[in-house]
Amino acid sequence: MVRALARAGKGSRMDEVWDPAADAAGWVEEAEAEIQAATDPAALAAVRTRWLGRRGRLTEALRGLGELAPAARRERGQVLNRVREAVEQALAAREAALEATARAAAYARERLDMTLPGIRPAVGQLHPLTRLRRELEDLFTRLGFSVALGPEVESEWYNFEALNMPANHPARDMQDSFFVDVPGFLLRTHTSPVQIRAMHARGGALPVKVIAPGHVYRRDDDATHSPMFTQLEGLMVDRGISLADLKGVLLTLVRALFGPGTAIRLRPSYFPFTEPSVEVDISCTVCGGSGCATCKHSGWLEILGAGMVHPLVLANGGYDPDSVSGFAFGLGLERVLLLRYGFDDLRPFYQNDLRFLQQFARGSEGQA
Ligand code: DAH
Numbered sequence: 001m002v003r004a005l006a007r008a009g010k011g012s013r014m015d016e017v018w019d020p021a022a023d024a025a026g027w028v029e030e031a032e033a034e035i036q037a038a039t040d041p042a043a044l045a046a047v048r049t050r051w052l053g054r055r056g057r058l059t060e061a062l063r064g065l066g067e068l069a070p071a072a073r074r075e076r077g078q079v080l081n082r083v084r085e086a087v088e089q090a091l092a093a094r095e096a097a098l099e100a101t102a103r104a105a106a107y108a109r110e111r112l113d114m115t116l117p118g119i120r121p122a123v124g125q126l127h128p129l130t131r132l133r134r135e136l137e138d139l140f141t142r143l144g145f146s147v148a149l150g151p152e153v154e155s156e157w158y159n160f161e162a163l164n165m166p167a168n169h170p171a172r173d174m175q176d177s178f179f180v181d182v183p184g185f186l187l188r189t190h191t192s193p194v195q196i197r198a199m200h201a202r203g204g205a206l207p208v209k210v211i212a213p214g215h216v217y218r219r220d221d222d223a224t225h226s227p228m229f230t231q232l233e234g235l236m237v238d239r240g241i242s243l244a245d246l247k248g249v250l251l252t253l254v255r256a257l258f259g260p261g262t263a264i265r266l267r268p269s270y271f272p273f274t275e276p277s278v279e280v281d282i283s284c285t286v287c288g289g290s291g292c293a294t295c296k297h298s299g300w301l302e303i304l305g306a307g308m309v310h311p312l313v314l315a316n317g318g319y320d321p322d323s324v325s326g327f328a329f330g331l332g333l334e335r336v337l338l339l340r341y342g343f344d345d346l347r348p349f350y351q352n353d354l355r356f357l358q359q360f361a362r363g364s365e366g367q368a
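Per the UniProt record's numbering, the very first residue in the sequence shown carries number 1; after that it's consecutive.
Pasting the structure below:
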């Protein structure tokens, strides 16, 4: 039977023994076998072409009908049409099945497992200096201070003269400076010029209560001195301000930074812009004051400079030194970090090595 079909398919015009029912069943069976064997759309399309294409077996057979006598033609035509219907149905069914399989495979391949843990994005963190600055801004704004900023390229007048350091004053030597091409300007050597700017900005109003954090520049470069570093200036001007006010604010400051048990000691010192001037020490953050290598067995560590604002500085800021007074202080933020974390080298804070900086994860600040 299958052999008879094969002959018919090869254009024998089917003039051999003709058993319509058996032949039809054979053709359908053969087509279905090919259809089932096709495992992808391209193979299936090839089967369709082989049977139903312009030169396909069924097409050829149908074309051959014209050569038959009318009665045979009708009979054979009906058989061939049934075959074609069956083949078309089988093709459509297989097509749908392949499509469904492909879709199921795609679903399986593309399935998202919503229960998988996510990929944690690498979130940066603020530099320890930035966090310290913000911590101090929070502290001082709670004490009623506001934050004042000044330019890093500053005039000699604001940086020196206004602060009682006239040209050729030996005190300028303490702050080896970077001068710029514009005569009369330099990279500010401290944040103290913002004292003058803040007083000017208040225009004589009272009180003046500001802190001024920012970068400062000096021709210094060793393990504990960087050519650029960060200071925080404090200034309070009002009627009747005394050293006691300074001491109270400083005690609040160092206890916030180094813990509630921290003590301070004021030592007489000299700054041109304060009178009297003091050097402020804190009880050693390592031994607590009993004496160790860190504090060179003194029990104290130097932390900042401060004093009562010099009358000339008040006058340069537009205030009458006979009716108001004030205190000022200047704190080096890098020094605070070194003391807090027990380092003796500040350079790693500027080298952007993440292995170093990542140690200062959020919340790791606290008492040394
Ligand atoms: N400007 C000083 C410096 O950079 C630090 C300083 C000392 C600031 C005493 C002050 C102060 O406001 O009163 O070395």
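By construction, the Cβ of each residue, glycine as well, lies at the ideal position given by its N, Cα and C atoms.
Remember, predicted model here, so these are calculated numbers, not experimental data.
Alpha carbon to alpha carbon, how far is alanine 223 from glutamate 302? Give it in angstroms, no decimals. Counted from its first residue, the sequence shown places residue 302 at position 302. Counted from its first residue, the sequence shown places residue 223 at position 223. Using only the alpha carbons, I get a separation of about 17 Å.
When you compare the CB positions of glycine 150 and glycine 214, do they come within less than 8 Å of one another, or not? Stepping through the sequence shown from its first residue, residue 150 is reached at position 150. Stepping through the sequence shown from its first residue, residue 214 is reached at position 214. Contact: yes.
Kindly examine the ligand DAH and report whether one of its heavy atoms sits closer than 7 Å to the Cβ of glycine 305. Counting from 1 along the sequence shown, the entry for residue 305 is found at position 305. Yes, Cβ of glycine 305 sits closer than 7 Å to a heavy atom of the ligand DAH.
With respect to 7 Å, is the separation between the Cβ of glutamate 152 and the closest non-hydrogen atom of the ligand DAH below this value? Mapped onto the sequence shown, residue 152 falls at position 152. Checking the Cβ of glutamate 152 against the ligand DAH gives no.
Shortest alpha-carbon distance to glutamine 195 belongs to which of Leu187, Leu186, Val208? Stepping through the sequence shown from its first residue, residue 195 is reached at position 195. Considering only alpha carbons, the answer is Val208.
Sorry if obvious, but does the Cβ on glutamate 233 come closer than 7 Å to a heavy atom of the ligand DAH? Locating residue 233 in the sequence shown gives position 233, counting from the first residue. Yes, since a heavy atom of the ligand DAH falls inside the 7 Å radius drawn around the Cβ of glutamate 233.
Might you give, ordered along the chain, the residues of its own chain that have their beta carbon closer than 7 Å to the beta carbon of aspartate 176, omitting 5 neighbours on each side? Within the sequence shown, residue 176 is the residue found at index 176, counting from 1. Arg218, Arg219, Asp220, listed in sequence order.
Looking at the structure shown, is isoleucine 282 part of a helix, part of a strand, or coil, going by DSSP? Position 282 of the sequence shown, counting from 1, holds the residue named residue 282. Correct three-state label for isoleucine 282: strand.
Methionine 236 by DSSP, collapsed to three states: which one? By 1-based counting over the sequence shown, the position of residue 236 is 236. In this structure, methionine 236 counts as strand in the three-state DSSP scheme.
Give me the DSSP bridge partner(s) of residue 399. Residue 399 lies beyond the range of the chain shown here (1 to 368); nothing can be said about it.
Alpha carbon to alpha carbon, how far is methionine 114 from glutamate 154? Give it in angstroms, no decimals. The count along the sequence shown starts at 1 and reaches residue 154 at position 154. The count along the sequence shown starts at 1 and reaches residue 114 at position 114. Going by the C-alpha atoms only, they are around 57 Å apart.
Looking at glycine 326 and leucine 235, is the spacing between their C-beta atoms short of 8 Å? Here the question's residue 235 lines up with position 235 in the sequence shown. Here the question's residue 326 lines up with position 326 in the sequence shown. Yes, they are a contact pair.
Rounding to the nearest angstrom, what Cα-Cα distance links proline 276 and valine 182 in this structure? Against the sequence shown, residue 276 aligns to sequence position 276. Against the sequence shown, residue 182 aligns to sequence position 182. One C-alpha to the other measures close to 34 Å.
What three-state label does DSSP hand proline 213 in the structure shown? To locate residue 213, count along the sequence shown from 1; it is residue 213. Three-state DSSP puts proline 213 in a strand.
Look at the Cβ atom of alanine 328, then the Cβ atom of threonine 285, and state whether they are nearer than 8 Å. Residue 328 sits at position 328 when you count from the first residue of the sequence shown. Residue 285 sits at position 285 when you count from the first residue of the sequence shown. No. Outside cutoff.
Does the beta-carbon of alanine 122 have 16 or more other beta-carbons within 10 angstroms, so that it is buried, or is it exposed? Counting from one through the sequence shown, the residue named residue 122 turns up at place 122. It is exposed - the Cβ of alanine 122 has fewer than 16 other Cβ atoms within 10 Å.
Under a three-way DSSP split, which group does phenylalanine 349 fall into? Sequence index remark: in the sequence shown, residue 349 carries index 349 (1-based). When DSSP states are grouped into helix, strand and coil, phenylalanine 349 belongs to the helix group.
C-alpha distance - glycine 307 paired with arginine 120, whole-angstrom precision: Reading the sequence shown from its first residue, position 307 is the one you call residue 307. Reading the sequence shown from its first residue, position 120 is the one you call residue 120. Looking at the two C-alpha atoms, the distance is approximately 50 Å.
Considering only residues of the same chain and omitting the five flanking positions on each side of aspartate 138, which have a CB-CB separation below 7 Å? Within the sequence shown, the letter at position 138 stands for residue 138. Contacts found: none.
Can you tell me whether DSSP reads proline 276 as helix, strand or coil? Here residue 276 refers to the residue found at position 276 of the sequence shown. Note: proline 276 maps to strand in three-state DSSP.
Helix, strand or coil for methionine 199? Go by DSSP, reduced to three states. As a working note, residue 199 is residue 199 in the sequence shown. If DSSP states are grouped into helix, strand and coil, methionine 199 belongs with the helices.
Cα separation between leucine 206 and tyrosine 319? Within the sequence shown, residue 206 is the residue found at index 206, counting from 1. Within the sequence shown, residue 319 is the residue found at index 319, counting from 1. Their backbone Cα atoms lie some 9 Å apart in a straight line.
Contact set for glycine 330: own chain, Cβ-Cβ below 8 Å, skip 5 residues either direction: Here residue 330 refers to the residue found at position 330 when the sequence shown is read from its first residue. So the list reads His190, Thr191, Ser192, Gln231, Leu232, Glu233, Gly234, Leu304, Gly305, Ala306, once near-sequence residues are dropped.
If you check the beta carbons only, do leucine 98 and proline 41 fall under 8 Å apart? Against the sequence shown, residue 98 aligns to sequence position 98. Against the sequence shown, residue 41 aligns to sequence position 41. The answer is yes: Cβ separation under 8 Å.
Between which two residues does the beta strand (DSSP E) holding glutamate 67 run? If you number the sequence shown from 1, residue 67 lands on position 67. Glutamate 67 -> no beta strand (DSSP E), and no H or E assigned at all.
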